[in-house]
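Residue numbers (the numbering used here), protein chains in the order written: chain A, 6 to 427; chain B, 6 to 427; chain C, 6 to 427.
Written as structure tokens, this is what we have:
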């Protein structure tokens, strides 16, 4: 860490400033105002109208994802802290990467949609971060942020511009992509030494409550996530209502299944923290379609059940048989529900339209998202495996004190001694 | 719990999906658009305009109520977790129950107002939940959710449609109703074994800080709660301003009284967590009326003082003399301030209008809200008392480990042994 | 505390109610509606349009500032609790003080801008509170709230009306003012007994996580803070975008510098909690100007670095050489970045306009803000030093149990004994 991390971070920030200087402009500058006054004004009205939805998404990214990962007993600083770092860097790079791909050779104009999309692009990295949580260094996360957002932007461009596929809540391009990318990285970074578990890979009472802060803000604002860039007015309305209902149904079935699969009918906080959100992921692709209120509730109900079953049976299977250690279980919250979302999107398009080419394009979008994610994740994993990025030893995994000043004081014969842990 | 809880939860969710399939439609569907294009568009604009207020209310329900109840040292999982379950189920049932009562035989059209009202209907159950917190099972809460929202919807219909009474912030129909319903249930479920208190019926330092997360989000967004369904523009404006001022005044008097009644002038977190919110409850009924800024500050000041006095003197009296154990003191936060709100509404209507029949109707609304709450609560209490719903024993009250997996690890001669508590 | 605090609080609240009765009216009352119907309606539309931004600021004041200060291990109740008290009283007094100064002899009309400004005026006191945190009594904070907001309102009026200076995000009038006011108070209240530190003047693991709740909500909503009262539409747009980018850049450089200056390249939570916000402060004055996206990123990058360096080198220097004990390091989060903001504003105005008198006025605004802050802080400090306000002894500094009921239970030979600490 001594110099690699600060120098890499400073270098990246300088690069971002140079790139913004070269390629990014205000959406409204004086030239635009003079020529297209009315258009500009309408676009600005839309800016303020969408700003509350942007802020909801912003809370999800920084508070939601950040606190959701604080469940580990000794890894809260890293969870919420590195989450902030990844997202702050990622939204700058996402603005450039996505902006240039969609700008058709013009400069990138920063507006409310580009800000929402920049937040979205960081979500993919934060999902992948969940898969490798506790086993990587901040330097590795800076590298993953840059690579993953580049590949995400490429796939998103393919899905939106080439396949013309629907994916308004990004079940495929963000959730499935982020999950399978992270699983591929985790597979490459497999640590046999953690095969039998690690004493710090578990929660304590209060860390589980901190995680619920994340869960609840994600749950509450998910309708904004799925509708933020939907076409006004009807599509946006439906995206909000469908997501709201899917999430409500998902909570009830996730609780039911958690109790059903656990010892003596008890509830498990891991399921409650995660599976209750699967309905938001799964309804994403078809959130703005006229799938009927009860249709979104069915999608949410199924997602809640599948997600709990994933935590109970798939995660242990992944860890032991596939040699993929998925710290936060992102496969169950983002991977499987993202797949369900992609499939639901294909069905919804097929029922709505007789044009089979649209259905095929929708399927291609799902395939492309998972394919690029896995290939991109494998390559990224290989880069991160190079033993120069300060990754923690097996013993110091899941422990903040490797990368953070964690002071500890003890009373020794009436003399108080304070010092850094380890 | 083994099968009762999961089967009941799944059965309820399936029922909800069927009911939504039969009775609920989008507010905007193709037929409506074709015939009333301009109306639909205006209604959709209103949707996005009110959406930020809806999200504020959503935060209050899920984060506000959820974390407010985490003050108990060993009951945080249940507080925030069962709060989420009740609210997710309740908003589905509330959409149906309130929707059908107000739909005049048509289908229920889901829009921003029905979503706000659905959140409101869950608030009644969450208030009652506070009265019985720590002494009931998740199964009992599922049952209470369904019964209470049904009765709430009936009373709300009576108040709004028959009595044509004002109650914009729902001091009567939500706060007084929820409190007295909960107290009636708590009275029926009285546990003589907890007469002398329970070692887990208390807070620890960090649980009190978690509770403040709930307090603050409730406090901040209360103006949205009281104004969300007010008539635009002036009534909505006044509802926001009056609530904002009432709450500010309430904080100062609650702090003053807390220090006045406590040992050596100290402040008590229970008062700060709860009584600072009483101003939002008490100004509810007349929030959108022209009661003058200083009028709302008087209401808030009185509510803050009354609420602290309630915690100090009434709660112990209720527990010992009336045999009602009110875990969160909902009588002091919702009951008394709700009464003050109902009375303030009667006075405000009387001063504004010479039509005595309006005053009488307002009084009838207050009477109906408290009456149906008590009768409904007594009946619900009797149903919940049937000893088949998995209620905890006296000894395991206020303890998450009865219904949640709570793992605990100990070091025993260098060997780490992990197991479930109890 | 016994009677001084409650009587002073009640007296202040009664005073507020009387002042509101005399001087404050609704923005929309019946007379206004009759005469200027269209204007009133437009102003009310603006009310609802800005309401989400107001709520963002509201979250910053009550959750952001409140939890940011909970980092101390035994001072969380006071941090979040006295923060609430100061803000609730302060927003009432701020409405009056600022309102009367700007009302030109008319009554104060309470609207969304006055509500935003009232929240702003409390921010100055909360910043100063950070400098003296743990070393003052609630009574002292009530006094400081009234005095500081009065002086703030005077300086703000000077800056806005006399100097006609730009300061949209209030780098000068709130951040620099609040910081130097607080430092002056802390200087007067210097405690030689705490020269060697205090065992409670430090964080524990979970208190640092609580503080991150404050950090993140401040970080997320800062664009709303800097844009809430900006002129629609373009200025407001730029204020949002510039602040968003400045904060993102600031995070990356703050992390880099934290690692660079700390032992073995580790990160320090104090820096992450505070310095990541410096970009929001520093871009404040020129947030709504056309400083280019990369320009705001440069400002944010510099602020993040300067702030970390301040924590590392200036705070110890202040404590030992200048005899100013700055508990939260407000000089590094608000003072220095506020200065940078003021200077950036001067440069931006100079580059934009050839009118040197505007540049001079801008410089005068910076000088006035710092000058009145220091003089006001010194006077306030002398008043607070009078030994009748219940300030804590050196030994009981940074300890909630002086002003709060903090119960503690111990098991003693199978008998549980509960009692108040100390």
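Cβ atoms here follow ideal geometry from the backbone N, Cα and C, with glycine treated the same way.
| Asked | Found |
| --- | --- |
| If you check the beta carbons only, do residue 378 of chain C and residue 195 of chain C fall under 8 Å apart? | no |
| Residue 57 of chain C versus chain B: which residues are under 8 Å apart at the beta carbon? | 57 |
| With a threshold of 8 Å between beta carbons, is residue 67 of chain B in contact with chain A? | yes |
| Indicate whether residue 95 of chain C and residue 154 of chain C have their beta-carbon atoms separated by less than 8 Å. | yes |
| For residue 225 of chain B, go through chain C and note every residue whose CB falls closer than 8 Å to its CB, in chain order. | 60, 63, 64, 67, 68 |
| Looking only at its own chain, which residues have a Cβ that is under 6 Å from the Cβ of residue 70 of chain C, when we skip the five neighbours before and after it? | 88, 131 |
| Spell out whether any CB of chain A is found under 8 Å from the CB atom of residue 49 of chain C. | no |
| Helix, strand or coil: how does DSSP classify residue 409 of chain A here? | strand |
| Which residues share a DSSP beta bridge with residue 339 of chain A? | Answer is none; residue 339 of chain A lacks a bridge partner. |
| Please list, in chain order, the residues of the region 87-116 of chain B that have any C-beta partner in chain A closer than 7 Å. | 89, 90, 93, 94, 96, 97, 115 |
| Which one of C/278, C/245, C/319, C/382 has the shortest CA to CA distance from residue 297 of chain C? | C/245 |
| Over the uninterrupted beta strand (DSSP E) stretch that includes residue 432 of chain B, give me the two end residues. | An answer regarding residue 432 of chain B cannot be provided, because it is not within the stretch 6 to 427 covered by chain B. |
| Does residue 32 of chain B come out as helix, strand or coil in the three-state DSSP assignment? | coil |
| Are residue 28 of chain B and residue 101 of chain B touching if we call contact CB-CB under 8 Å? | yes |
| Look at the alpha carbon of residue 140 of chain A and the alpha carbon of residue 404 of chain C, and state the distance between them as a whole number of angstroms. | 37 Å |
| Between the region 382-396 of chain A and chain C, which residues of the former have a C-beta closer than 8 Å to a C-beta of the latter? | none |
| Restricting to runs no shorter than 4 residues, where is the alpha helix (DSSP H) found entirely within the region 181-238 of chain C? | 182-193, 210-232 |
| Chain B beta carbons: is any one of them nearer than 8 Å to that of residue 162 of chain C? | no |
| Taking residue 358 of chain C as the reference, which of C/171, C/213, C/26, C/231 has the closest Cα? | C/171 |
| Where does residue 38 of chain B sit, in a helix, a strand or coil, going by DSSP? | The predicted model places residue 38 of chain B with a pLDDT of 46, which falls under 50 and marks its position as unreliable; any figure quoted below should be read in that light. Residue state, collapsed to three classes: helix. |
| If the cut is a Cβ gap below 7 Å, which residues of chain A does residue 18 of chain B touch? | 254, 257, 258, 306 |
| Got a sec: is the Cβ-Cβ distance from residue 120 of chain C to anything in chain A below 8 Å? | no |
| Just by C-beta distance, which residues in the region 234-251 of chain C are closer than 8 Å to chain A? | 237, 238, 239, 241, 242, 243, 245, 246, 249, 250 |
| Under 7 Å between beta-carbons, which chain A residues line up against residue 14 of chain B? List them in chain order, please. | 257, 260, 261 |
| Could you pull out every residue in the same chain whose Cβ sits closer than 8 Å to the Cβ of residue 113 of chain A, ignoring the five residues on either side in sequence? | 28, 29, 30, 100, 101, 104, 105, 119 |
| With DSSP run on the structure shown, which of helix, strand or coil describes residue 15 of chain A? | helix |
| When you compare only the Cα positions, how much space is there between residue 243 of chain C and residue 58 of chain C? | 15 Å |
| Going by CA-CA distance only, name the one from B/225, B/274, B/64, B/236 that's closest to residue 211 of chain B. | B/274 |
| Please check the pair residue 291 of chain B and residue 349 of chain B, which I expect to be a contact at CB under 8 Å, by giving their CB distance rounded to whole angstroms. | 5 Å |
| Measuring CA to CA, which of C/147, C/133, C/84, C/135 is closest to residue 13 of chain C? | C/147 |
| Any Cβ of chain C within less than 8 Å of the Cβ of residue 11 of chain A? | yes |
| For residue 410 of chain B, return the contacting residues in chain A, with the cut-off set at a CB-CB distance below 8 Å. | 267, 268, 271, 272, 273, 274 |
| Comparing the C-beta of residue 213 of chain A with each C-beta of chain E, is any distance below 8 Å? | Of the protein chains in the structure, A, B and C, none is chain E. |
| Compare the C-alpha of residue 366 of chain A against each of A/150, A/346, A/163 and name the closest. | A/163 |
| Looking at the unbroken alpha helix (DSSP H) that takes in residue 84 of chain A, where does it start and where does it end? | 81-107 |
| Let me see if you follow: with CB-CB separation under 8 Å, is residue 139 of chain B close to chain A or not? | no |
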